[in-house]
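Notes for the one structure printed next.
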Amino acid sequence: MSAKQKIQIPRGLKDVLPDEQKYWFWLENNFYSVASTAGFERIILPTFESTNLFKRSVGEFTDIVSKEMYVFKDKSGNSMALRPEGTASVVRAYIEHGMHTLPQPIKLFYWGPMFRYDRPQAGRFREFWQFGLEVLGDSNPLGDALLIQTVVKYHSKLGLKDVVVKINSLGTTKSRTKMISALTRFLSKHKKDLCANCQRRLKNNPLRVLDCKVSNCRSITEETGTVLIDNLDEVSKKRFTKVLEYLDDMQINYELDPSLVRGLDYYTHTLFEVVVRGHEDLAIGGGGRYDGLVKQLGGPDVSCIGYAGGVERTINALKKQAVDVPNMVQSDVFVIQLSAKAKIKSIKVIDDLDQVGLRVSSSMGSIQAQLREANKMNTPLAIIIGEQEVYDKNVILRDMEDRSQEIVLDRNLVKKVIKKLEEKGINVKILSHD
Ligand code: HAM
């Protein structure tokens, strides 16, 4: 490559530019608030782990592990993988830190990037972000409904409309095996009509055939009808009915989907996806129960359930619905300066306002550009400082709502700003001021 050739971002990755930040801030802030209110605590997990962790949890024959993982050898020759999802790491940490010995359930949330070497297209990236909730050490069907309720609450807090939860059950590990055998028997009859990928899946991961988008495969899978649910054992059926009853009590908008399967091997019992109804139903997240996973990874036999949503897909849905997302920085006052000397003075003014706990913003550029920025931020007040104001030891205080302006002496400025904000009913937390 010549030294002059431009280096571009790798395929499937993206930069999140300043204009996009308000969406990210909106999702992250609301997620922390909804998760904490529901009793979840934050966990920060590594972005790469031993490759075996994902092979033994997500499943060796899943697309995620067999095709989409970024795997590399570290300098000691150990095989490592960039995490394609968060549940496996949460379970590893739960076992490793003896969290099963604490009062159960353990409720954890995370927010971070995941990596899958997927074919890039709309809503599909190779590095994408997930927000996740995991409840470990609880088998009560009420726990399933409560988790789903938290997820629904979060989406409604974001302002998303037409959110539907698609739900299904795979039953116990035993009934899941029975369902897979029944499905395999059914699909084997149509093997020659399946696409090459599905012929392979039929052997390694038959549930995934139900997800195939190829039209031939679709017309076959549409015929599967109730193969899965018919093979659900009685105990699992009863459990699932209980979950649905709780969801009814909570007035959650759900829809039974007997062909819903998910691309990860660890699921048992309740499976669900959050879909935004629209021109094309868009799945923005998914989750389910994973009762065998802790044991499978060397821990005790405990039941768990979790959910992860995609940040980019949720933002996309907010944009499609033109949800009015507030600006990230909520400022009380915006300081505009019009010359080099005014800039120096503005630093002192910003400092004085900041010292008493006011939220202050400023930017560079022409007066128009700075006013535009102040308008964009929705600040109730602006302070304008020109050359004249430097000499006169005062500033112009502008009310951004009614556009009235007045001259205020430097020494009275902080008091005046506080008074103006209070008159506007804006609750300011003043640290100390005499
Ligand atoms: P998942 O369905 O593989 O589940 O991923 C959850 C969400 O991550 C998807 O619904 C989607 O919004 C987002 N996502 C997945 N792949 C991509 C991609 N290539 N580009 C953009 N967004 C993507 C899990 O990961 C499970 N760990 C969920 C879970 C938690 N189950 C139990 N606990």
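So the number in this note's numbering is just where the residue sits in the sequence shown, counting from 1, plus 636.
Beta carbons: idealized from backbone N, C-alpha and C, even for Gly.
These numbers come from a predicted model, not from an experiment.
* Flag residue 764 as yes when its Cβ comes closer than 8 Å to any non-hydrogen atom of ligand 1, and as no otherwise. => For residue 764, the shortest separation between its Cβ and any heavy atom of ligand 1 lies below 8 Å.
* Asked: Who are the near neighbours of residue 1045 in its chain, counting only those whose CB is closer than 8 Å to its CB and skipping five residues on each side?
  -> For residue 1045, the CB contacts under 8 Å within the same chain, skipping 5 residues up- and downstream, are 1029 and 1030 in chain order.
* Three-state secondary structure assigned by DSSP to residue 1035 -> Residue state, collapsed to three classes: strand.
* To do: Verify the contact flag: residue 760, CB atom, against every heavy atom of ligand 1, threshold strictly below 8 Å.
  => Because some heavy atom of ligand 1 lies under 8 Å away, the Cβ of residue 760 counts as near it: yes.
* Going by alpha carbons, who is nearest to residue 1049 out of 671, 933 and 1032? -> Among 671, 933 and 1032, the Cα nearest to that of residue 1049 belongs to 1032.
* Closest by CA to residue 890, which one among 711, 899, 907 and 900? -> When the alpha-carbon of residue 890 is set against those of 711, 899, 907 and 900, the nearest one is in 907.
* **Proximity below 9 Å, CB of residue 726 to CB of residue 770** => For residue 726 and residue 770, yes; Cβs fall inside 9 Å.
* Does the count of Cβ pairs from the segment 893-906 and the segment 920-929 closer than 8 Å reach three? -> Counting Cβ pairs under 8 Å, three or more are found: they touch.
* Asked: Do the segment 958-977 and the segment 1015-1025 meet, that is, are 3 or more Cβ pairs less than 8 Å apart?
  -> Yes: the two stretches touch, three or more of their Cβ pairs being nearer than 8 Å.
* What separation, rounded to the nearest whole angstrom, lies between the Cα atoms of residue 826 and residue 868? -> Roughly 23 Å between the two C-alpha positions.
* Report yes if the CB atom of residue 1077 is closer than 9 Å to the CB atom of residue 799, and no otherwise. => No answer is possible for residue 1077: the residues shown for the chain start at 637 and end at 1070.
* Asked: So residue 1021 and residue 985 are in contact, right, with Cβ under 8 Å, and what is the actual spacing, rounded?
  -> Rounded, the Cβ-Cβ distance is 7 Å, consistent with contact.
* **Cβ distance (whole Å) where residue 670 is taken to contact residue 789 below 8 Å** => Right, their Cβ atoms sit about 6 Å apart.
* Tell me whether residue 1003 counts as near ligand 1, meaning its Cβ is closer than 8 Å to at least one heavy atom of that ligand. => Ligand 1 has no heavy atom closer than 8 Å to the beta-carbon of residue 1003.
* Asked: Hey, quick one: how far does the beta strand (DSSP E) through residue 919 stretch, first residue to last?
  -> Judged by DSSP secondary structure, residue 919 falls within the beta strand (DSSP E) whose first and last residues are 918-925.
* To do: Let me know if residue 611 comes out buried or exposed under the rule of 16 or more other beta-carbons within 10 Å of its beta-carbon.
  => Past the edges of the chain, shown from 637 to 1070, lies residue 611, and the structure says nothing about it.
* Touch test, the segment 759-779 against the segment 936-951, Cβ-Cβ under 8 Å, three pairs minimum -> In the pairwise beta carbon analysis, the segment 759-779 is classified as touching the segment 936-951: at least three pairs are separated by under 8 Å.
* Asked: In angstroms, rounded to a whole number, what distance separates the CA positions of residue 1005 and residue 833?
  -> For the pair residue 1005 and residue 833, the Cα-to-Cα distance works out to about 55 Å.
* Flag residue 700 as yes when its Cβ comes closer than 8 Å to any non-hydrogen atom of ligand 1, and as no otherwise. => Because some heavy atom of ligand 1 lies under 8 Å away, the Cβ of residue 700 counts as near it: yes.
* To do: Find the nearest neighbour of residue 730 within the set 994, 935, 989 and 1057, judged by alpha-carbon distance.
  => Minimum Cα-Cα distance from residue 730 among the listed residues 994, 935, 989 and 1057 corresponds to 935.
* Could you tell me which residues DSSP pairs with residue 744 in its beta bridges? => The partner list for residue 744 (beta bridge, DSSP) reads 677 and 770.
* If you draw a straight line from the alpha carbon of residue 883 to that of residue 980, how long is it in whole angstroms? -> For residue 883 and residue 980, the gap between their C-alpha atoms comes out near 60 Å.
* Asked: What three-state label does DSSP hand residue 966 in the structure shown?
  -> The answer is coil: DSSP assigns residue 966 none of H, G, I, E or B.
* Asked: Cβ-heavy atom distance between residue 677 and ligand 1 below 8 Å?
  -> Answer for residue 677: no, Cβ out of range of ligand 1.
* Asked: Between 1059, 757, 743 and 845, which lies nearest to residue 649 when the distance is taken from Cα to Cα?
  -> Nearest in C-alpha terms to residue 649, of all of 1059, 757, 743 and 845, is 757.
* Cβ of residue 949 within 8 Å of any heavy atom in ligand 1? -> Correct: residue 949 has its Cβ closer than 8 Å to ligand 1.
* Could you give the residue range of the alpha helix (DSSP H) that holds residue 816? -> From DSSP, the alpha helix (DSSP H) with residue 816 extends over 809-824.
* When you compare each of 920, 964, 987 and 931 to residue 946 by their alpha carbons, which one comes out closest? -> It is 920.
* Return yes when the Cβ of residue 893 is within less than 9 Å of the Cβ of residue 856, no when it is not. => Taking 9 Å as the Cβ cut-off, residue 856 and residue 893 do not qualify as a contacting pair.
* **Same chain, Cβ closer than 8 Å to residue 842, five either side skipped, listed in chain order** => Closer than 8 Å at the Cβ level, and outside the excluded window around residue 842, lie 816, 819, 820 and 823.
* Where in the segment 648-723 do unbroken runs of the alpha helix (DSSP H), each at least 4 residues long, occur, reported from the N-terminal end onward? -> Taking only runs of at least 4 residues, the alpha helix (DSSP H) segments lying wholly in the segment 648-723 are 657-673, 687-690 and 699-702.
* To do: Specify, as a first and last residue, the run of the beta strand (DSSP E) that residue 789 falls within.
  => Here residue 789 belongs to no beta strand (DSSP E); instead the alpha helix (DSSP H) covers 777-794.
* Asked: So residue 715 and residue 687 are in contact, right, with Cβ under 8 Å, and what is the actual spacing, rounded?
  -> Residue 687 and residue 715 do touch by the CB rule: their CB atoms are close to 4 Å apart, below 8 Å.
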